Amino acid sequence: MGNDIVMEYNHVHHTCVNASDCGALHTGRDWTTRGNIIRYNLVTDTLRLVPGADVRGVMLDDQSSSTTIVNNVFYNNEVHVNIGGGRDNIVSNNVFYGSTLYSMQVDGRGTSNPNNSELLKRLHQMPYNSTLWTMRYPELAIIEQRNKSLPEGNLIHKNVVYNTGKAGYIPSKRGWLDNIKLFNETDTITAFGSTDFYDVANSDFRLRCFAKDLANEVGFIQALPPSEYGCKVRVGPVHINRVPATLISNPATGPCTTKAPLTTSPAPAYLPDGARTNHLYNVSNSGCWLVVSKCTAHPNATGTHRDTHAHSDDNETTCFQRAVQQWHDCGSHDNEQVVAIYGPSGAMTLVGDGCFMLIYGCPNHGGPADGHSLTTGSINRDTYAESHGGAHNEESCLSRAQGQWVYCGSFANHPVTSIYRPTGALRTSGAGCWIHAQQCNMIPKPRSMFYDAWGAANLHTDDVEDACLQQAVYYWKKCGSNTTYPVTAYFRPSTASRTYPAAA
Numbered sequence: 022m023g024n025d026i027v028m029e030y031n032h033v034h035h036t037c038v039n040a041s042d043c044g045a046l047h048t049g050r051d052w053t054t055r056g057n058i059i060r061y062n063l064v065t066d067t068l069r070l071v072p073g074a075d076v077r078g079v080m081l082d083d084q085s086s087s088t089t090i091v092n093n094v095f096y097n098n099e100v101h102v103n104i105g106g107g108r109d110n111i112v113s114n115n116v117f118y119g120s121t122l123y124s125m126q127v128d129g130r131g132t133s134n135p136n137n138s139e140l141l142k143r144l145h146q147m148p149y150n151s152t153l154w155t156m157r158y159p160e161l162a163i164i165e166q167r168n169k170s171l172p173e174g175n176l177i178h179k180n181v182v183y184n185t186g187k188a189g190y191i192p193s194k195r196g197w198l199d200n201i202k203l204f205n206e207t208d209t210i211t212a213f214g215s216t217d218f219y220d221v222a223n224s225d226f227r228l229r230c231f232a233k234d235l236a237n238e239v240g241f242i243q244a245l246p247p248s249e250y251g252c253k254v255r256v257g258p259v260h261i262n263r264v265p266a267t268l269i270s271n272p273a274t275g276p277c278t279t280k281a282p283l284t285t286s287p288a289p290a291y292l293p294d295g296a297r298t299n300h301l302y303n304v305s306n307s308g309c310w311l312v313v314s315k316c317t318a319h320p321n322a323t324g325t326h327r328d329t330h331a332h333s334d335d336n337e338t339t340c341f342q343r344a345v346q347q348w349h350d351c352g353s354h355d356n357e358q359v360v361a362i363y364g365p366s367g368a369m370t371l372v373g374d375g376c377f378m379l380i381y382g383c384p385n386h387g388g389p390a391d392g393h394s395l396t397t398g399s400i401n402r403d404t405y406a407e408s409h410g411g412a413h414n415e416e417s418c419l420s421r422a423q424g425q426w427v428y429c430g431s432f433a434n435h436p437v438t439s440i441y442r443p444t445g446a447l448r449t450s451g452a453g454c455w456i457h458a459q460q461c462n463m464i465p466k467p468r469s470m471f472y473d474a475w476g477a478a479n480l481h482t483d484d485v486e487d488a489c490l491q492q493a494v495y496y497w498k499k500c501g502s503n504t505t506y507p508v509t510a511y512f513r514p515s516t517a518s519r520t521y522p523a524a525a
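Be aware that the sequence shown starts at 22, since it is given in the numbering used here, and climbs by one per residue.
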């Protein structure tokens, strides 16, 4: 591509019509092509029409780095923007509307080939560590002193997203996105639909209504009106000087409306998690309570007692951690269990040996049939998981929840929870998007977990994983932006989750 190139005010459309695995704007396989800026462009209708890999509006292929993609509108592309393992890229203040697959794709492909000969050859052909280059591209000058194969330093923020159906924002490679040193993804604005924009039919993606309110909170800069795309200098035939008149918009003036939250909810987990009153243990609704079945090392600890160590009284997470510590203090014996119940929310966990499963029943294999009254459930040792490593491996245990939920029919009224007792970690698979927030005036007290009925009605959070996970940021801000109490969104159909702000 070259360096320090600015591409702006273009209407790029209907590209890749005879090819796959390409981009309307496409570069790659060179760390030294840096400082390029793609801004104020309208990129539309890049769709895969032939068999093969995905096509993208902007494709930063094979570790392409240090490109800034800002203030663009992307509409009706298979994928709007791809960061293929590169470093120091910025994707900011764009409108991502109506992708057919994903708004963005990111990955860390360089880690599978850390000594890519082509990348290294092109790097060493340039005086990248000379004084002049070091002043202009300081990150490039030290690339070989760092783990150059990692996609470090990418910033994705203040983008407006709207998709229909099950198209997502960024696919669930949460391992990459959860590490802010790699892909720092923040302040995403999710629009309700076409009514949040001036005139979608004529490519006017300036914001209004709900999306505009959210965008103003993060300092989003409005998209250009469609008449601004096109040549700015009179060269060539007159008819190509400006965008055709079909892109002159007729701004919407209708009312701004939102849908009422859904009035029905998928069933909460059988193991109390803060979504309802604890039906398994009758303890006070204040403080942290430990129920110790047996304690060989300290027999006097056996029984039910209130725990006041290390702020466990006023922090659900700390309360659960105390159960793990108590089990170890008792000797970590296989036949001993410690239960922690956080009184204010009723949420609880189990600590002991092995892998357990909590389930209402399995409609497709033994019942009860879907729709049966969920008054009882069961807590059982998951012998299948333990025979496949789950007794001593947390992930092998917890991953069973989703498989069992699918095996039983994926019914909304029959969620499945797996719990790895040595750490008290648990994972629930079921229907819907659920939000966990320890301190929030928006949540009916004393609940700490709730079904996102508003998001389901307005943002498709029950069906689109990324839409659900973005709600962690939304509710954290609505709950007061307290870093002491992060918010977690759980997309139960896939068991994906996101906590915001993420731990440092």
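C-beta atoms are modelled at their ideal positions from N, C-alpha and C, and glycine is treated no differently.
In this text the structure is predicted, and so the values were computed from the model without any measurement.
By the Cβ criterion, the region 59–70 is not in contact with the region 151–162, since fewer than three pairs of Cβ atoms, one from each stretch, lie closer than 8 Å.
Here the region 361–377 makes contact with the region 462–481; the two share three or more CB pairs at distances below 8 Å. Between the C-alpha atoms of V485 and A188 there is a straight-line separation of about 7 Å. Counting only runs of 4 or more residues that sit fully inside the region 402–469, the alpha helix (DSSP H) segments are 415–419, 421–428, in chain order. In the displayed model, A331 falls within a helix according to three-state DSSP.
For W52, the three-state secondary structure derived from DSSP is coil. Burial state of P293 is buried, judged by a 10 Å Cβ sphere holding 16 or more other Cβ atoms. In the DSSP assignment, C376 forms a beta bridge with Y441.
In this structure, the straight-line span from the alpha carbon of D350 to that of H330 is close to 14 Å. Along the length of the region 311–369, whole alpha helix (DSSP H) runs at least 4 residues long occupy 337–351, reported in chain order. For I26, the closest C-alpha among the options G44, C43, R60 is that of R60. In this model, M147 and G78 are separated by some 29 Å (Cα to Cα). Below 8 Å, too few C-beta pairs join the region 117–126 and the region 34–50 to call them touching: fewer than three. Secondary structure of L176 (DSSP, three-state): strand.
With respect to T509, H457 sits close: the two C-beta atoms are nearer than 8 Å. According to DSSP, R60 shares a beta bridge with E29, V91. Assigned with DSSP and collapsed to three states, C230 falls in helix. Secondary structure at Q146: coil, using DSSP grouped into helix, strand and coil. L480 has its alpha-carbon roughly 34 Å from the corresponding atom of N39. Cβ neighbours of H354 within its own chain (closer than 7 Å, five residues either side excluded): T317. When T207, E337, I104, A290 are compared, the shortest CA-CA separation from D82 is found for I104. For Q126, the uninterrupted beta strand (DSSP E) run begins and ends at 123–128, by DSSP.
Our two residues, S502 and P282, have alpha carbons roughly 23 Å apart in a direct line. Burial check for H413: the Cβ neighbour count within 10 Å stays below 16, so the residue is exposed. Just so you know, the alpha carbons of F213 and A236 end up roughly 13 Å apart. Rounded to whole angstroms, the separation of the alpha carbons of Y190 and L144 is 33 Å. Only residues of its own chain outside the window of five on either side were considered, and among them S417 have a CB closer than 6 Å to the CB of G410, listed in chain order. Here DSSP, grouped into helix, strand and coil, assigns G131 to helix.
About 10 Å separates the Cβ atoms of H101 and M80, ruling out a contact at the 8 Å cut-off.
If you ignore the 5 residues before and after I242, its C-beta comes within less than 7 Å of the C-beta of N92, N114, all in its own chain and listed in chain order.
DSSP lists H178 as the beta-bridge partner residues of T207. The residue from T155, W455, D374, S170 with its alpha-carbon nearest to that of S138 is S170. Taking D109 as reference, the option from N168, P172, D75 with the minimal CA-CA separation is P172. Sequence-distant partners of L379 (beyond 5 residues in either direction) whose C-beta falls short of 6 Å from its own C-beta, in its chain, are Y291, L292, I400, T438.
By the beta-carbon neighbour count (other beta carbons within 10 angstroms, threshold 16), H332 is exposed. Beyond the five residues adjoining it in sequence on each side, G107 comes within less than 7 Å, by CB distance, of L81, Q84, S85, S86, P172 in the same chain, given in chain order.
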